[in-house]
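2 protein chains.
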Amino acid sequence: MTPERFARITSMLNHRQPDLTVFMEQVHMQHNLAAIVRTADAMGINNVHATWDIDSSRISRNVASGSQKWVNVHSHDTVQDAVAALREQGMQIIATNLSATAIDFREVDYTKPTAIMMGQEKFGISDEALALADQDVIIPMVGMCQSLNVSVASAIIMSEAQRQRQIAGMYGQTCRLPEEEQHRILFEGGHP
Amino acid sequence: MTPERFARITSMLNHRQPDLTVFMEQVHMQHNLAAIVRTADAMGINNVHATWDIDSSRISRNVASGSQKWVNVHSHDTVQDAVAALREQGMQIIATNLSATAIDFREVDYTKPTAIMMGQEKFGISDEALALADQDVIIPMVGMCQSLNVSVASAIIMSEAQRQRQIAGMYGQTCRLPEEEQHRILFEGGHP
Ligand SMILES: C[S@@+](CC[C@H](N)C(=O)[O-])C[C@H]1O[C@@H](n2cnc3c(N)ncnc32)[C@H](O)[C@@H]1O
Ligand SMILES: C[S@@+](CC[C@H](N)C(=O)[O-])C[C@H]1O[C@@H](n2cnc3c(N)ncnc32)[C@H](O)[C@@H]1O
């Protein structure tokens, strides 16, 4: 590995936010999945979670994991399984939902361990998933369209989380990933 | 027109920001164009500008204009023409550019009349266009990917502009569009 590449990977590792994640409930369009994983990487998010619908599962899984070898895509069979895994990590679960009771997404404290739940392109987040979340949030819209594209909505929220964590000094200090994972990534990144 | 629809359109009109726009230089993927126009509408942007590359012009124009009847898509033959039109409206021109000299996108004052220039998916903004802009900005990235998806990047910047303008009280007071345009939109919106 060249010294430049070593420095690049080390810097990336020092910015990773293991306690911030995105959970995609049955998001299935390839360009949306790819864009979400790409934005996650750029914002320092190294783990994302997903459930898949029956039809799109095979293609989608490949796209999402292939598009970004630097982000782990964790697949779950059910929403319940996914939420249980996130709870085990002490995460608050924030559901993006176009409802009248949702609060403005900027009111959430994203410096806490947080999972941002995104819904399916057509139907949004399921009632089951909503019932398991701690808080519904919405990105205010003042136009005539009913919703934003899912990769756009997730990026706007990830960017707010990044802004808050930047101010809180959570980026670039020391690596917050487990030591084994650091070593694995440095090793794999050096041998592409 | 029902009273509800009249109220909806009137509220939309009162949030429109005629002095904020996006200029897409040869962005050509249909899902990106559609997502950018949709986000613009949601953030109160009623005009976007574009130049097209030779191959994709016909399809792209239709997608962009068809996807959102509430946003005007202005086509220009050259970057020079587009910039001249924006300058005539007194706009500062902010180029999104992955360069070492670009400043953080949050440092810009978006309450001023502003055009946000977005680049082509593969090649980014042309040197010609960069030379015509007032300022380069970048969305900081801390991962391994080289860039964000163009619709994602534009949404993150539009959202910051919306945040600043919201604080400045530029939304929802009175309609800032020319009276003829208000009437046209109310008329057309009532007769779909
Ligand atoms: C196209 S939307 C789904 C629309 C669906 N008809 C609904 O009512 O939920 C896909 C996903 O994008 C996200 N989303 C879109 N617009 C949003 C907004 N304004 N605020 C928060 N999330 C949004 C949500 O995760 C949503 O489930
Ligand atoms: C996929 S990028 C183009 C990448 C191209 N190789 C380059 O170097 O510009 C497409 C467009 O998205 C926008 N973009 C992507 N990532 C960005 C970032 N981090 N900051 C600002 N704009 C970005 C810019 O408008 C860019 O021209």
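Order-wise, the sequence lines are chains D and H. According to the numbering used here, the residues represented by the first sequence are 1 to 192, in order. According to the numbering used here, the residues represented by the second sequence are 1001 to 1192, in order. Cβ coordinates follow ideal geometry from the N, Cα and C atoms, glycine included.
- G172 of chain D counts as exposed, since fewer than 16 other C-beta atoms from the protein chains shown sit within 10 angstroms of its C-beta.
- Going by beta carbons, M1158 of chain H and M1043 of chain H fall inside the 8 Å limit.
- Sequence-ordered contacts of the region 141-175 of chain D with chain H read M141, V142, G143, M144, C145, S147, L148, N149, S151, V152, A153, S154, A155, I156, M158, S159, E160, Q162, R163, Q166, Y171 and G172 [C-beta pairs closer than 9 Å].
- With respect to the C-alpha of H1074 of chain H, the residue from H:R1038, H:M1118, H:F1023 and H:Q1080 having the closest C-alpha is H:F1023.
- For the options H:D1041, H:A1035, H:L1130 and H:W1070, the alpha carbon positioned closest to that of R1184 of chain H is the one of H:W1070.
- Distances taken from the Cβ of L98 of chain D to the heavy atoms of ligand 1 include one shorter than 7 Å.
- Close CB contacts of I138 of chain D within its chain, under the 8 Å cut and outside five residues either way in sequence, are with T96, N97, L98, S99, A102, I103, D104 and F105 (chain order).
- In the DSSP annotation of this structure, the continuous segment of the beta strand (DSSP E) that includes L1020 of chain H starts and ends at L1020 to E1025.
- Of D:L33, D:V108 and D:Q80, the smallest CA-CA separation from A131 of chain D is found for D:Q80.
- With the criterion set as a beta carbon lying under 9 Å from some beta carbon of chain D, the members of the region 1038-1052 of chain H are R1038, T1039, A1040, D1041, A1042, M1043, G1044, I1045 and N1046, in sequence order.
- Proximity of M1 of chain D to chain H, defined by a Cβ-Cβ separation below 8 Å, is not satisfied.
- In this structure, DSSP gives G143 of chain D a state outside helix and strand, which the three-state scheme calls coil.
- Put simply, the CB of H1183 of chain H is far from chain D, with every gap to its CB atoms at 8 Å or more.
- Residues of chain D with a Cβ closer than 8 Å to the Cβ of M1012 of chain H are, in chain order, V142, G143 and M144.
- With 16 or more neighbouring CB atoms inside 10 Å of its own CB, E1025 of chain H falls in the buried class.
- As the crow flies, the alpha-carbon of T2 of chain D is around 18 Å from that of G1143 of chain H.
- Chain-ordered, the chain D residues with CB closer than 7 Å to the CB of H1031 of chain H read H31.
- For A1035 of chain H, the closest Cβ of chain D is nearer than 8 Å.
- Each of H:T1010, H:F1006, H:L1020 and H:N1014 was checked against the Cα of P1113 of chain H, and the nearest Cα belongs to H:L1020.
- Spanning the alpha carbons of I1036 of chain H and A1155 of chain H requires a straight line of approximately 7 Å.
- A1100 of chain H carries a coil assignment under DSSP once its states are collapsed to helix, strand and coil.
- Assignment of A115 of chain D by DSSP, reduced to helix, strand and coil, places it in the strand class.
- For A133 of chain D, there is no enclosing alpha helix (DSSP H), as DSSP gives it neither H nor E.
- With 16 or more other Cβ atoms from the protein chains shown falling within 10 Å of its own Cβ, G1124 of chain H counts as buried.
- In the structure shown, the three-state DSSP call for A95 of chain D is strand.
- Taking the Cβ of A153 of chain D as the reference point, at least one heavy atom of ligand 1 falls within a distance shorter than 7 Å.
- In terms of side-chain proximity, the C-beta atom of S1011 of chain H is found no nearer than 7 Å to any non-hydrogen atom of ligand 2.
- With respect to A129 of chain D, M117 of chain D sits close: the two C-beta atoms are nearer than 8 Å.
- The shortest CA-to-CA distance from P1018 of chain H to any of H:Y1110, H:H1031 and H:D1134 is the one to H:Y1110.
- Taking non-hydrogen atoms of ligand 1 into account, the C-beta of S126 of chain D is found less than 7 Å away from none of them.
- Beta-bridge analysis with DSSP links Q120 of chain D to D:G124.
- In the DSSP assignment, V73 of chain D falls within the beta strand (DSSP E) that extends over N72 to S75.
- Closer than 8 Å to the CB of H1028 of chain H there is not a single CB belonging to chain D.
- Pairing N14 of chain D with N47 of chain D gives a Cβ-Cβ distance that is not under 8 Å.
- If you compare the alpha carbons of H:C1175, H:L1186, H:A1161 and H:L1033 with that of I1094 of chain H, the shortest gap goes to H:A1161.
- Looking at the DSSP output, N1047 of chain H shares a beta bridge with H:N1072.
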